[in-house]
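Down below is the structure, laid out as structure tokens.
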Amino acid sequence: MYTSCSKPGCTDPDASNYDSSAKEMDNSCLYDLEGEWNLTSFILNGQESSSLYSVYRFTFYQDGSYYAEALPASGNNGQGGDWIDVWGISTLNSEQTTITLQNQLVDYYNGSGTISNSDYANYNISNLDYNNITIELISSSNPSISSLTISMYRD
């Protein structure tokens, strides 16, 4: 008697753990975050706030570092400048279900130059594929943020 087997695994060829012999997607795909990601949605404290930014993007590097840059639509970052640039370290858990972003440096373009910054945020990853990521705030060092959901696409 012949029975067919479907081998579960990652069937997405863009995933870092793609299994060409897998016949049934089992949601085990893992993705490399390296590259530039641009904002599609920014929901801050329950309010859609994407329009607050003309530019909002993250660049993740292979060594775990990141560079984030934002340009408020008003042209005023609230610190006496326009752009906000942040450099930090990202920590992605092995199942790719959470990510921590730990700032190290920030530049507000206000004449002070780059300054130390230790703000952090922990996020659940609610959606991740090669082209899209959605993260939802678990906790952060900023008490004014009670909830934050960010969706981005890979450029």
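Start counting the sequence shown at -5; every next residue gets the next number (my numbering).
Virtual Cβ for every residue (Gly too), placed ideally from N, Cα, C.
Close-in-space but distant-in-sequence residues of the same chain around residue i (CB under 6 Å, 5 per side omitted)
| i | result |
| --- | --- |
| residue 101 | 79 and 108 |
| residue 61 | 53 and 81 |
| residue 22 | 4 |
| residue 85 | 94 |
Under 7 Å between C-beta atoms of residue i and residue j
| i | j | result |
| --- | --- | --- |
| residue 82 | residue 70 | no |
| residue 118 | residue 132 | yes |
| residue 104 | residue 74 | yes |
| residue 33 | residue 142 | no |
| residue 134 | residue 115 | yes |
| residue 156 | residue 24 | No information on residue 156 is available, as it lies outside the stretch -5 to 149 that the chain covers here. |
C-alpha distance - residue i paired with residue j, whole-angstrom precision
| i | j | result |
| --- | --- | --- |
| residue 50 | residue 123 | 20 Å |
| residue 136 | residue 113 | 7 Å |
| residue 44 | residue 76 | 17 Å |
| residue 139 | residue 67 | 20 Å |
Best match in the options for proximity to residue i [C-alpha to C-alpha]
| i | options | result |
| --- | --- | --- |
| residue 20 | 115, 140, 2 and 146 | 2 |
| residue 145 | 136, 39, 99 and 31 | 31 |
| residue 63 | 57, 9 and 47 | 47 |
| residue 18 | 29, 65 and 6 | 6 |
Contacts around residue i, its chain only, beta-carbon distance under 8 Å, and the 5 residues preceding and following it disregarded
| i | result |
| --- | --- |
| residue 42 | 35 and 36 |
| residue 59 | 81, 82, 83 and 84 |
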